[in-house]
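Peer 1: Numbering (my numbering), first residue to last: 3 to 133. Ideal placement from N, C-alpha and C gives every residue a C-beta, glycine not left out. Since the model is a prediction, treat every value here as computed from it, not as a measurement.
Dropping the structure here:
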């Protein structure tokens with residue numbers, strides 16, 4: 003399989019980054035605007051602040067601009083969400099319904115470490131500092 007997919011590593015990573023950012027952004031849209039069945043959260047609340055981070059960082063990760071910084075902030079936000087909202091309800095993510103928060107934390111940690119990659123605004127602008 004590596005011989006087949008190995009040549010497409012950068013493209014697959016780019017699609018992975020775009021999809022992860024888009025899906026994360028949807029959570030922000032739920033909290034900020036009540037879209038997709040969500041409820042608007044007050045801006046000054048923890049959920050409201052999380053909504054801003056989800057929307058802005060999701061967008062930046064999706065387009066590939068300031069990707070490492072945005073992904074690192076998103077990862078930390080999801081780690082905090084897991085330990086504040088989910089972990090007190092049970093030890094394991096399957097018990098406390100925290101699988102998504104835990105998975106996002108590690109997905110964004112990986113993206114923060116890897117950067118934007120070639121399918122990104124930063125790469126198109128040829129500005130590695132913006133990755």
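Of all the options 31, 39 and 40, which has the alpha carbon lying nearest to the alpha carbon of residue 55?
Peer 2: For the purposes of this step, residue 55 is identified with residue 53 of the chain shown, where counting begins at 1. Nearest option by C-alpha distance: 31.
Peer 1: Rounded to the nearest angstrom, what separates residue 15 and residue 94 at their Cα positions?
Peer 2: Numbered from its first residue, the chain shown carries residue 15 at position 13. Numbered from its first residue, the chain shown carries residue 94 at position 92. Approximately 29 Å between the Cα atoms of the pair.
Peer 1: Give a yes or no on whether the C-beta atoms belonging to residue 53 and residue 33 are separated by under 7 Å.
Peer 2: Here residue 53 refers to the residue found at position 51 when the chain shown is read from its first residue. Here residue 33 refers to the residue found at position 31 when the chain shown is read from its first residue. Yes; because the gap between Cβ atoms is below 7 Å, this pair is in contact.
Peer 1: Output the distance between the C-alpha atoms of residue 19 and residue 37, rounded to the nearest integer angstrom.
Peer 2: The count along the chain shown starts at 1 and reaches residue 19 at position 17. The count along the chain shown starts at 1 and reaches residue 37 at position 35. One C-alpha to the other measures close to 22 Å.
Peer 1: Could you tell me if residue 1 is buried or exposed, where buried requires 16 or more neighbouring beta carbons within 10 angstroms of its beta carbon?
Peer 2: Outside the shown range of the chain (3 to 133) lies residue 1, about which nothing can therefore be said.
Peer 1: Is it right to say residue 26 is buried, meaning 16 or more other beta carbons lie within 10 angstroms of its own, or is it exposed?
Peer 2: If you number the chain shown from 1, residue 26 lands on position 24. That one is buried.
Peer 1: In or out: residue 47 buried (at least 16 other Cβ within 10 Å) or exposed?
Peer 2: As a position in the chain shown, residue 47 is number 45, starting the count at 1. With fewer than 16 other Cβ atoms within 10 Å, it is exposed.
Peer 1: Between residue 6 and the rest of its own chain, which residues show a CB-CB distance below 8 Å, the 5 nearest in sequence each way excluded?
Peer 2: Translated into positions along the chain shown, residue 6 becomes position 4. Once the five neighbours on either side are set aside, residue 6 has no close Cβ partner at all.
Peer 1: Applying the criterion that 16 or more other CB atoms from any shown protein chain within 10 Å of the CB defines a buried residue, is residue 39 buried or exposed?
Peer 2: Locating residue 39 in the chain shown gives position 37, counting from the first residue. The residue is exposed, with fewer than 16 neighbouring Cβ atoms inside 10 Å.
Peer 1: With hydrogens ignored, establish whether the beta-carbon of residue 83 is closer than 6 Å to any heavy atom of the ligand ATP.
Peer 2: Of ligands this structure carries none, so the ligand ATP is not represented either.
Peer 1: Candidates 45, 89 and 113: which alpha carbon is nearest residue 12's?
Peer 2: The residue you call residue 12 lines up with position 10 of the chain shown. Considering only alpha carbons, the answer is 113.
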